[in-house]
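Here's the structure we're looking at; comments come further down.
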Amino acid sequence: MTQFFTWWNGPTLGTRFFTWRKGTKVGEDQFGNVYYEGTFDSEGRKRRWVIYNGYAEASAIPAGWHGWIHHRVDTAPSQENYKPYPWEKNHQANLTGSAAAYRPQGSIAHGDNRPTVTGDYDAWTPGA
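Read in the UniProt record's numbering, the sequence shown has 104 at position 104, and its numbers run on one by one without any break.
Next up, the structure:
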């Protein structure tokens, strides 16, 4: 039943059927995400999509595959000897909503008291 109503924990039944019927597997990344290419879109480009390994999380796509899936490059990383540039960072999962999420100083979630206002700021007043 979850294949009918949920999309975040795997492909729906419609996505599986479309992929089986029209998709061509292009490759797989180190996280187990599988990439496909199929029919043409309204701009004349081949449609590209990913079946995530586990929960659908867009930040789980590595940099090389991100460029391919967004039509920035024509050749998929699986079809070339792709090596990330030295300045590219390793993948880090989206931590929003988790205990490891970024909480700046002054944030309610940080737990500290907000810093006191120093007076170097004048609030805007309408009509003034």
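Every residue gets a Cβ at the ideal spot worked out from N, C-alpha and C, and that includes glycine.
Can residue i and residue j be called in contact, C-beta distance under 9 Å?
i: residue 63; j: residue 88; result: yes
i: residue 102; j: residue 95; result: yes
i: residue 77; j: residue 120; result: no
i: residue 44; j: residue 23; result: no
i: residue 32; j: residue 65; result: no
Grab me the residues of residue i's own chain with a C-beta within less than 8 Å of its C-beta, minus the 5 sequence neighbours each way, in chain order.
i: residue 69; result: 35, 48, 49, 50 and 61
i: residue 79; result: 26 and 27
i: residue 67; result: 73
i: residue 46; result: 37, 38, 39 and 40
How is residue i classed by DSSP in three states: helix, strand or coil?
i: residue 97; result: coil
i: residue 77; result: helix
i: residue 124; result: coil
i: residue 65; result: helix
i: residue 147; result: The question about residue 147 has no answer here: the residues shown for the chain are numbered 1 through 128.
i: residue 110; result: helix
Got a sec? Which residues, its chain only, sit under 6 Å from residue i by beta carbon, not counting five neighbours each side?
i: residue 81; result: none
Among the residues of its own chain, which have a CB less than 7 Å from the CB of residue i, if the five just before and after it don't count?
i: residue 170; result: Within the shown structure, residues of the chain are numbered from 1 to 128, placing residue 170 beyond reach of any answer.
Query raised in the report: What are the complete beta strand (DSSP E) segments, minimum 3 residues, inside the region 11-62?
Result: Annotation note: the region 11-62 contains the following uninterrupted beta strand (DSSP E) runs of length 3 or greater, listed N- to C-terminal: 24-28, 34-40 and 46-51.
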